[in-house]
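Just below is one structure, and these are the notes that go with it.
Residue numbers (our numbering): 2 to 99.
If you want it as structure tokens, here you go:
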């Protein structure tokens with residue numbers, strides 16, 4: 002994996018931030034950020050996607066694991082954006098753990 006490949010995460014995160022700043026009715030991200038359940042809806046999605054990732058891992062199908070892991074990562078990024086946590090904060094923490 003090239004370092005530039007990770008730029009896709011930044012691009013997705015920036016799109017999430019843009020949806021937070023400028024809500025759109027046709028946006029899935031906005032539907033979560035502005036859900037009647039509030040922040041709890043985002044957390045529910047993380048729990049749901051975590052369970053689906055675990056099941057995929059248990060089943061052992063690489064394509065399912067990748068697919069569900071992407072869903073989980075996406076919803077984690079929405080949660081991070083909602084809490085104003087930048088991706089580089091996670092990178093810094095991971096570097097500290099090396």
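From the three backbone atoms N, C-alpha and C, an ideal C-beta is built for every residue, glycine too.
inquiry  = residue 14 and residue 91 - do their beta-carbons sit closer together than 8 Å?
reply    = Here the question's residue 91 lines up with position 90 in the chain shown. Here the question's residue 14 lines up with position 13 in the chain shown. No, they are not a contact pair.
query = Is residue 10 near the ligand HEM, with its Cβ less than 7 Å from a heavy atom?
reply = For the ligand HEM, the structure offers nothing, since it holds no ligand at all.
ask   = Which word fits residue 7, buried or exposed, when buried means at least 16 other C-beta atoms lie within 10 angstroms of its C-beta?
value = Here the question's residue 7 lines up with position 6 in the chain shown. So residue 7 counts as exposed.
request  = Decide yes or no for the touch test of the region 43–57 against the region 25–32: beta carbon pairs closer than 8 Å, at least 3 of them.
outcome  = no
task = Give every residue of the same chain whose Cβ lies closer than 8 Å to the Cβ of residue 83, excluding the five residues on either side of it in the sequence, and list them in chain order.
result = Against the chain shown, residue 83 aligns to sequence position 82. Closer than 8 Å at Cβ, skipping near neighbours: 21, 34, 40, 43.
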